[in-house]
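Which chain is which? The protein sequence lines are A and B, in order. Per the working numbering, the very first residue in the first sequence carries number 10; after that it's consecutive. Per the working numbering, the very first residue in the second sequence carries number 421; after that it's consecutive. Remarks on the structure that follows.
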Amino acid sequence: MTVENNFTETETLVKEGTGLKNNVPEAGDLENKWTQYRSTMDLVAPNNKRRIDIIVVGTGLAGASAAATLGELGYNVKCFTFHDSPRRAHSIAAQGGINAAKNYQNDGDSVYRLFYDTIKGGDYRSREANVHRLAEVSRNIIDQAVAQGVPLAREYGGLLANRSFGGVQVSRTFYAKGQTGQQLLIGAYQALSRQISVGNVEMYNRHEMLDLVKVDGKARGIITRNLLTGKIDRHAAHCVVLATGGYGNVYYLSTNAMGSNVTAAWRSVKRGALMANPCYTQIHPTCIPVSGDYQSKLTLMSESLRNDGRVWVPKKKEDVMAIREGRKNGNDIPEEDRDYYLERRYPAFGNLVPRDVASRAAKTACDEGYGVNSTGLAVFLDFAAAVIRYGKSEAISKGINNPTDQQIGDLGRAVVAAKYGNLFEMYEKITGEDPYFQPMKIFPAVHYTMGGMWVDYNLETNVPGLFALGEANFSDHGANRLGASALMQGLADGYFVIPYTIGQFLSKEIRTPKIANDSPEFMAAEKETREKLEKLMNIKGNHSVESFHKRLGLIMWEYCGMSRNAEGLKKGRQMIRELREEFWRDVYVPGSLDEYNPELEKAGRVADFLELGENMMVDALDREESCGGHFREEHQSAEGEAQRNDKDYTYVSAWEWDDNEPILHKEQLEFKNVELKTRSYK
Amino acid sequence: MSDMNLKLKVWKQNGPNDKGRFENYKVVANEHMSFLEMLDVLNEQLISEKSDPVSFEHDCREGICGACSMVINGRPHGPNKGTTTCQLHMRFFKDGDTITIEPFRANSFPVIKDLVVDRSAFDRIIQAGGYISVNTGQAQDANAIPIEKDVALDAFSAAACIGCGACVAACPNASAMLFTSAKVAHLGHLPQGKVEHDKRVQKMVAQMDEEGFGMCSNTYACEAECPKEISVKNIASLNRNFIGKVFKTE
Ligand SMILES: Cc1cc2nc3c(=O)[nH]c(=O)nc-3n(C[C@H](O)[C@H](O)[C@H](O)COP(=O)(O)OP(=O)(O)OC[C@H]3O[C@@H](n4cnc5c(N)ncnc54)[C@H](O)[C@@H]3O)c2cc1C
Ligand code: SF4
Ligand code: FES
Numbered sequence: 010m011t012v013e014n015n016f017t018e019t020e021t022l023v024k025e026g027t028g029l030k031n032n033v034p035e036a037g038d039l040e041n042k043w044t045q046y047r048s049t050m051d052l053v054a055p056n057n058k059r060r061i062d063i064i065v066v067g068t069g070l071a072g073a074s075a076a077a078t079l080g081e082l083g084y085n086v087k088c089f090t091f092h093d094s095p096r097r098a099h100s101i102a103a104q105g106g107i108n109a110a111k112n113y114q115n116d117g118d119s120v121y122r123l124f125y126d127t128i129k130g131g132d133y134r135s136r137e138a139n140v141h142r143l144a145e146v147s148r149n150i151i152d153q154a155v156a157q158g159v160p161l162a163r164e165y166g167g168l169l170a171n172r173s174f175g176g177v178q179v180s181r182t183f184y185a186k187g188q189t190g191q192q193l194l195i196g197a198y199q200a201l202s203r204q205i206s207v208g209n210v211e212m213y214n215r216h217e218m219l220d221l222v223k224v225d226g227k228a229r230g231i232i233t234r235n236l237l238t239g240k241i242d243r244h245a246a247h248c249v250v251l252a253t254g255g256y257g258n259v260y261y262l263s264t265n266a267m268g269s270n271v272t273a274a275w276r277s278v279k280r281g282a283l284m285a286n287p288c289y290t291q292i293h294p295t296c297i298p299v300s301g302d303y304q305s306k307l308t309l310m311s312e313s314l315r316n317d318g319r320v321w322v323p324k325k326k327e328d329v330m331a332i333r334e335g336r337k338n339g340n341d342i343p344e345e346d347r348d349y350y351l352e353r354r355y356p357a358f359g360n361l362v363p364r365d366v367a368s369r370a371a372k373t374a375c376d377e378g379y380g381v382n383s384t385g386l387a388v389f390l391d392f393a394a395a396v397i398r399y400g401k402s403e404a405i406s407k408g409i410n411n412p413t414d415q416q417i418g419d420l421g422r423a424v425v426a427a428k429y430g431n432l433f434e435m436y437e438k439i440t441g442e443d444p445y446f447q448p449m450k451i452f453p454a455v456h457y458t459m460g461g462m463w464v465d466y467n468l469e470t471n472v473p474g475l476f477a478l479g480e481a482n483f484s485d486h487g488a489n490r491l492g493a494s495a496l497m498q499g500l501a502d503g504y505f506v507i508p509y510t511i512g513q514f515l516s517k518e519i520r521t522p523k524i525a526n527d528s529p530e531f532m533a534a535e536k537e538t539r540e541k542l543e544k545l546m547n548i549k550g551n552h553s554v555e556s557f558h559k560r561l562g563l564i565m566w567e568y569c570g571m572s573r574n575a576e577g578l579k580k581g582r583q584m585i586r587e588l589r590e591e592f593w594r595d596v597y598v599p600g601s602l603d604e605y606n607p608e609l610e611k612a613g614r615v616a617d618f619l620e621l622g623e624n625m626m627v628d629a630l631d632r633e634e635s636c637g638g639h640f641r642e643e644h645q646s647a648e649g650e651a652q653r654n655d656k657d658y659t660y661v662s663a664w665e666w667d668d669n670e671p672i673l674h675k676e677q678l679e680f681k682n683v684e685l686k687t688r689s690y691k
Numbered sequence: 421m422s423d424m425n426l427k428l429k430v431w432k433q434n435g436p437n438d439k440g441r442f443e444n445y446k447v448v449a450n451e452h453m454s455f456l457e458m459l460d461v462l463n464e465q466l467i468s469e470k471s472d473p474v475s476f477e478h479d480c481r482e483g484i485c486g487a488c489s490m491v492i493n494g495r496p497h498g499p500n501k502g503t504t505t506c507q508l509h510m511r512f513f514k515d516g517d518t519i520t521i522e523p524f525r526a527n528s529f530p531v532i533k534d535l536v537v538d539r540s541a542f543d544r545i546i547q548a549g550g551y552i553s554v555n556t557g558q559a560q561d562a563n564a565i566p567i568e569k570d571v572a573l574d575a576f577s578a579a580a581c582i583g584c585g586a587c588v589a590a591c592p593n594a595s596a597m598l599f600t601s602a603k604v605a606h607l608g609h610l611p612q613g614k615v616e617h618d619k620r621v622q623k624m625v626a627q628m629d630e631e632g633f634g635m636c637s638n639t640y641a642c643e644a645e646c647p648k649e650i651s652v653k654n655i656a657s658l659n660r661n662f663i664g665k666v667f668k669t670e
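Okay, structure coming up:
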């Protein structure tokens with residue numbers, strides 16, 4: 010079937026916008042900027058706080074912590090989530106841990122080291138002052154969580170335990186088994202519940218924000234749809250805080266929860282907010298591979314597994330075929346016929362190279378035809394060597410002389426179980442294969458989006474009065490996020506940054522009376538929202554929302570995934586435009602507007618992904634360098650390593666979106682405290 | 421990989437005031453699918469026929485958010501121990517099976533549509549007192565109070581509750597005791613939570629009653645169906661505490 014195409018061949022017409030002011034305070038060195046700023050900034054007096062209304066959208070780590078803290082301070086907070094309860098936000102799924110520069114292990118950690126690791130890990134594409142502040146407040150987060158009753162892991166002496174994570178050289182990751190996100194979110198949810206019970210926060214569950222309302226250029230409210238009844242409502246406030254999470258689901262398959270979406274952020278972009286670095290996507294190397302075209306999501310296997318697992322594919326194509334056809338399994342391949350490609354290519358870091366490097370190497374192995382499952386898209390993660398190693402040392406420590414292979418295996422597996430038991434169990438539940446006896450099969454999957462709404466030092470977007478926190482903003486991770494740093498950033502933003510910086514805006518609003526929700530701006534936004542929903546309902550085409558989302562995902566993965574090139578990005582952009590046109594002509598949304606209708610919710614979200622995807626392609630095309638999660642095939646060394654271009658691309662790309670004439674605003678990044686270096690893991 | 425032909429008997433109910441009925445469907449699945457992916461296939465089929473898809477709640481699909489909630493062949497979250505619906509895979513069923521799927525049923529969980537129920541009563545129980553009263557910024561250093569490893573682990577085990585409501589659906593009296601006692605135990609184990617413990621218990625139990633959840637008669641059906649294997653010991657210790665408290669105050 011040929012698709013009728015209303016679009017002409019899309020040339021990248023990128024208009025250069027004005028430079029952006031990041032409002033990093035001039036005063037003070039990097040180390041004391043934040044403290045100094047905090048003690049000199051404008052405050053809102055308690056009696057005035059009570060007259061000020063704040064809307065917080067989102068109840069993940071960022072939103073729940075912000076809403077609770079702003080409520081405690083005495084503001085009138087209205088908080089929204091599309092979930093049935095604040096506790097279900099996607100943050101709940103985070104497994105591994107949260108970083109903090111506590112230096113409890115006395116292993117040389119410090120605020121500066123966490124700052125430096127984050128800047129370097131981000132491939133020198135983040136803002137120094139923000140990252141330093143993040144490292145500073147990381148310590149307060151752990152204090153706060155423990156005071157709330159978050160049961161973080163402890164040592165026998167009763168003090169907090171740490172583990173190391175993501176290739177850094179210190180142990181600074183706090184954790185609660187494999188459920189760190191859950192426990193931290195429950196802590197924030199309980200603090201939020203307390204503010205709801207005393208009336209400082211009014212909670213709106215099952216309400217989805219569908220538009221941002223600006224009055225006289227300032228963000229003054231939102232339009233929501235009640236997901237139970239379909240009712241459209243106007244909510245006014247003095248300012249709006251978005252903590253609506255990341256947009257990894259633009260790829261359809263990702264490790265994100267099914268409901269994660271970009272709608273709140275994207276509709277704000279359409280009202281003038283800027284989208285920063287949308288092409289920076291983190292693809293996590295160790296996820297359970299796709300098993301069929303019915304697949305709905307991908308499951309992460311924590312990064313910690315690479316401490317003991319060895320990654321490999323067979324050297325011989327005939328072994329590959331035998332494995333794919335089920336005639337052989339991984340254990341049948343003799344040692345000399347295995348290619349431990351990470352150890353071969355990166356002898357210094359081996360299996361512990363950063364996420365982006367490990368993911369690309371897996372892709373290369375599979376592209377060359379060495380993938381080890383029926384789809385050809387999987388590599389082995391093998392614990393056999395670790396089992397033997399641990400088994401032998403256990404035997405020695407137990408005084409067993411000449412242990413049998415069976416004994417060594419049993420002892421070794423017990424050690425592996427103690428370290429990774431819950432992950433192995435999860436793997437077995439999903440795949441039906443026992444990873445204690447057979448190598449795991451893994452493949453990279455979309456996991457996190459470093460890009461997001463552009464914000465200044467105050468976490469305020471370019472729209473006055475509109476703030477963005479957590480994964481929804483672009484602020485701290487540059488082109489690649491380090492493990493265990495997203496939870497840290499979400500809670501830093503919500504507990505310890507926004508409660509102060511929001512005062513910079515609100516201190517000028519203390520004389521502003523209650524914002525009316527029936528001004529022409531609100532009425533117009535409500536009308537537009539309703540019309541858009543009606544339009545979706547009235548297409549009555551032939552294909553499900555899901556089918557369009559899947560097709561978009563394939564385009565994104567193929568042309569804007571682990572590696573990108575100019576030709577593919579242009580083609581991908583064109584394909585998205587065609588798909589979008591087809592969507593608006595041929596999607597079928599069952600049910601009606603005025604009822605509980607999950608298909609309608611999805612339709613709106615997919616419509617926005619169909620626009621965001623194009624923005625991502627345009628951004629990736631503009632960035633003629635390889636950095637972090639963004640790998641341009643044109644910019645690699647002879648050995649296939651990423652090549653950054655600091656001379657021309659040390660800037661944040663902030664897009665004012667218009668699909669025919671996108672405008673690129675640049676924020677130049679200045680590095681006064683660290684020296685830009687090439688990352689090497691050889 | 422062979423196809424499985426399945427018959428589904430699914431509860432359809434259009435809102436809390438509809439009487440509701442079972443609807444029969446046929447679906448072709450395979451053993452690698454998750455249970456929810458099998459329902460996705462059904463819904464794609466229904467949408468392509470322009471009929472009403474089956475509404476069900478889900479989000480993380482990895483057993484942690486607590487959104488998924490359905491009774492499969494008479495058991496909340498289906499046949500496997502310690503497993504949420506979203507973690508259940510089709511290889512535990514066989515070709516030709518008939519599978520019955522119903523919502524979590526309880527007066528305090530009104531049906532919204534089909535398999536989706538309103539569990540906001542749980543939020544209100546937490547709002548009644550399921551927290552430690554500490555404002556942001558008031559905390560002392562995290563290592564100031566050492567907590568025994570085992571105590572922290574006990575608190576963690578209780579805190580692992582995902583708020584799914586299977587315990588209520590499993591209970592013949594639709595009691596919310598397992599959920600409530602898990603929160604009480606989580607906070608009560610920790611030194612930080614001890615200060616408000618008595619008040620917390622009273623307020624949460626009062627709210628639980630107000631929401632219309634039933635009495636606990638120690639059938640332990642809740643523990644058997646809880647996907648996070650929350651222990652009924654928590655109920656026993658809540659009861660001890662509550663009764664102790666009532667005697668103290670009266
Ligand atoms: C499987 C997995 C494991 C991870 N593990 C780790 C880890 O170990 N360590 C780490 O640091 N990070 C980890 N991450 C990343 C981290 O979990 C997330 O980046 C972080 O939790 C995001 O928090 P948030 O508050 O910004 O957004 P979210 O938690 O995604 O919350 C978004 C909120 O916004 C609401 N919302 C969104 N749109 C709307 C709308 N239009 N209207 C109303 N409400 C809306 C939602 O209902 C929700 O409440 C992991 C991520 C995944 C996927
Ligand atoms: S106690 Fe178990 S069954 Fe009940 S809500 Fe918690 S996790 Fe679900
Ligand atoms: S969908 Fe989250 S627990 Fe099942």
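Beta carbons: idealized from backbone N, C-alpha and C, even for Gly. Every value quoted in this text rests on a predicted model; they were computed, and no experiment measured them.
Using a Cβ cut-off of 8 angstroms (strictly closer), state whether tyrosine 551 of chain B contacts chain A.
yes
Beta carbons nearer than 7 angstroms to chain B: which residues of the segment 251-283 of chain A have them?
If the cut-off is 7 angstroms between Cβ atoms, the segment 251-283 of chain A has Ala266, Met267 and Gly268 near chain B.
Using beta-carbon positions only, say whether glycine 487 of chain A and glycine 637 of chain A come within less than 8 angstroms of one another.
yes
Below 8 angstroms on the Cβ atoms is my contact criterion, and I expect leucine 251 of chain A with valine 506 of chain A to pass it. Report the Cβ-Cβ distance as a whole number of Å.
That pair is no contact at about 14 angstroms.
Closer than 7 angstroms to a non-hydrogen atom of ligand 1 - does that hold for the CB of glycine 486 of chain B?
no
Is it the case that the CB of glycine 494 of chain B approaches a heavy atom of ligand 3 more closely than 7 angstroms?
no
Cross-chain neighbours of lysine 569 of chain B in chain A, by beta carbon under 9 angstroms:
Ala162, Arg163, Glu164, Tyr165, Gly166, Gly167 and Ala170
Strictly below 9 angstroms CB to CB, what residues from chain B border glutamate 555 of chain A?
Asp460, Asn463, Glu464 and Ile467
Partners in chain A for methionine 453 of chain B, counting only beta-carbon separations shorter than 7 angstroms
Tyr303
Cα-Cα separation between phenylalanine 618 of chain A and isoleucine 332 of chain A, rounded to whole angstroms:
C-alpha separation (whole angstroms): 37 angstroms.
Can you find the residues in the same chain that come closer than 7 angstroms, C-beta to C-beta, to glutamate 443 of chain B, ignoring five residues on each side of it along the sequence?
Listed in chain order, the non-local C-beta contacts of glutamate 443 of chain B below 7 angstroms within the same chain comprise Val430 and Lys432, local neighbours out to five positions each way being set aside.
With a cut-off of 8 angstroms, do at least 3 Cβ pairs link the segment 483-498 of chain A to the segment 52-60 of chain A?
no
Going by beta-carbon coordinates alone, are glutamine 104 of chain A and alanine 580 of chain B separated by less than 8 angstroms?
no
Quick one: grab the DSSP three-state call for valine 250 of chain A.
strand
At 8 angstroms on the CB atoms, spell out the chain A contacts of serine 475 of chain B, in chain order.
Tyr605 and Pro607
Can you find a C-beta in chain B that's less than 8 angstroms from the C-beta of glutamate 81 of chain A?
yes
Could you pull the start and end residues of the beta strand (DSSP E) that isoleucine 231 of chain A belongs to?
227-235
If the criterion is Cβ atoms closer than 8 angstroms, does the pair serine 147 of chain A and methionine 584 of chain A meet it?
The Cβ atoms of serine 147 of chain A and methionine 584 of chain A do not sit closer than 8 angstroms to each other.
Within 7 angstroms: the Cβ of glycine 557 of chain B and any heavy atom of ligand 2?
With a cutoff of 7 angstroms, glycine 557 of chain B does not count as near ligand 2, since its C-beta is closer than that to no heavy atom of the ligand.
Note down, in chain order, every chain A residue with its Cβ under 9 angstroms from the Cβ of threonine 600 of chain B.
Near threonine 600 of chain B there are no residues of chain A at all, since even the closest Cβ is about 14 angstroms away, more than 9 angstroms.
For proline 508 of chain A, decide whether its Cβ has a neighbour in chain B, counting only Cβ atoms nearer than 8 angstroms.
yes
Tell me the rounded alpha-carbon separation between lysine 438 of chain A and glutamate 587 of chain A.
39 angstroms
Does DSSP put glycine 408 of chain A in a helix, a strand or coil?
It is coil, neither helix nor strand.
Going by the CB atoms, is the gap between methionine 310 of chain A and cysteine 296 of chain A shorter than 8 angstroms?
yes
How should phenylalanine 542 of chain B be labelled, buried or exposed, when 16 other C-beta atoms within 10 angstroms of its C-beta is the threshold for buried?
Per the 10 Å Cβ criterion, buried.
Contact set between proline 566 of chain B and chain A, taken where Cβ atoms lie within less than 7 angstroms
Gly166, Gly167 and Leu168
Pick out every residue whose C-beta is nearer than 6 angstroms to a heavy atom of ligand 2: which are they, in chain order?
B:Cys581, B:Ile582, B:Gly583, B:Cys584, B:Gly585, B:Ala586, B:Cys587, B:Leu598, B:Phe599, B:Ala602, B:Cys646, B:Pro647, B:Lys648 and B:Ile650
Does the segment 312-320 of chain A come close enough to the segment 421-437 of chain A that 3 or more CB-CB pairs lie under 8 angstroms?
yes
Contact with chain B by threonine 11 of chain A, beta-carbon distance below 8 angstroms
With a pLDDT of 39 at threonine 11 of chain A, under the threshold of 50, the predicted position of this residue should be treated as unreliable, though the coordinate-derived value follows. Not closer than 8 angstroms to any Cβ of chain B, the Cβ of threonine 11 of chain A fails to qualify, so no.
Does the pairing of the segment 494-504 of chain B with the segment 645-652 of chain B give three or more beta-carbon distances under 8 angstroms?
yes
Between alanine 612 of chain A and the rest of its own chain, which residues show a CB-CB distance below 7 angstroms, the 5 nearest in sequence each way excluded?
Cβ within range, chain order: Leu545, Val554, Val596 and Val598.
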